[in-house]
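In terms of our numbering, the sequence shown is residues 25 to 181. Idealized CB from N, CA, C, for every residue including glycine.
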Amino acid sequence: MHSLSPGILLSGVLLLGLSGNFGGIALAAECVALQPVGSTEGGPGVKKSISPAALGVTASNWNTDFAVPGTEKFESYRVTITTDSDGQYDVVSSLKYPNDKAQNIYEQKGISLGQGKTLEFTGKPQSKTIVPYQVNVEFGGALSIGKSYTVRAFGCK
């Protein structure tokens with residue numbers, strides 16, 4: 025995958041990886057990298073190390089939110105997660121809406137990913153009239169504490 029700069033429009037073939045959607049058929053897509061909420065790194069992706077699960081007042085860092093520009097209407101959203109280590113991971117991703125609702129677009133517990141492997145999945149908004157404002161990705165797991173990964177999200181037309 026090519027390195028991306030903020031605001032760059034991507035076009036090309038979207039290969040659906042481990043998600044199994046559409047039987048692995050390649051789809052043409054034009055995608056825009058979404059910016060991570062609160063990121064100071066300046067790029068479209070976020071690199072994290074998995075912290076222990078949240079206990080009491082201690083929060084985990086398993087959640088990453090990506091802002092959807094209010095001026096854009098996307099047909100679908102794509103998420104890529106590339107791991108730095110072999111491991112078993114829990115993945116949940118959702119679209120967040122202004123009416124305080126969330127729509128799960130992917131959920132897999134205990135998925136095995138090898139070092140340098142990329143999990144890629146897509147989700148479509150449930151409504152063409154209500155546009156999500158964020159893509160949320162929760163990635164972690166008790167067996168993966170201390171392991172690193174990079175997560176990116178895209179809006180696709």
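Exercise for review: Return the CA-CA distance between residue 16 and residue 161, expressed in angstroms with no decimal places.
Suggested key: Because residue 16 is not part of the residues shown, which for the chain are 25 to 181, the question remains open.
Check your understanding: According to the Cβ coordinates, are residue 57 and residue 178 closer than 7 Å?
Key -> yes
Practice item. Buried or exposed for residue 146, please, with buried defined as at least 16 other CB atoms from any protein chain shown within 10 angstroms of its CB. Key: buried
Point to revise | 7 Å Cβ cutoff met for residue 88 and residue 175 | key: yes
Review point. Residue 120 to residue 149, Cα distance in whole Å?
Key: 10 Å
Point to revise | Nearest-angstrom Cβ-Cβ length linking residue 168 and residue 74, presumed shorter than 8 Å | key: 5 Å
Exercise for review: Please name the residue or residues paired with residue 177 in a DSSP beta bridge.
Suggested key: 103
**Study point:** Sub-7 Å separation of residue 127 and residue 117 beta-carbons
**Key:** no
Check your understanding: Does the beta carbon of residue 138 come closer than 7 Å to any beta carbon on chain B?
Key -> The structure shown has no chain B; it contains just one protein chain.
Review point. Under the DSSP definition of a beta bridge, which residues are partnered with residue 127?
Key: 119
Practice item. Express the C-alpha separation of residue 101 and residue 54 in angstroms, rounding to a whole number. Key: 11 Å
Check your understanding: Hey, quick one: how far does the beta strand (DSSP E) through residue 89 stretch, first residue to last?
Key -> 87-91
Review point. Would the beta-carbon of residue 156 fall within 7 Å of that of residue 103?
Key: no
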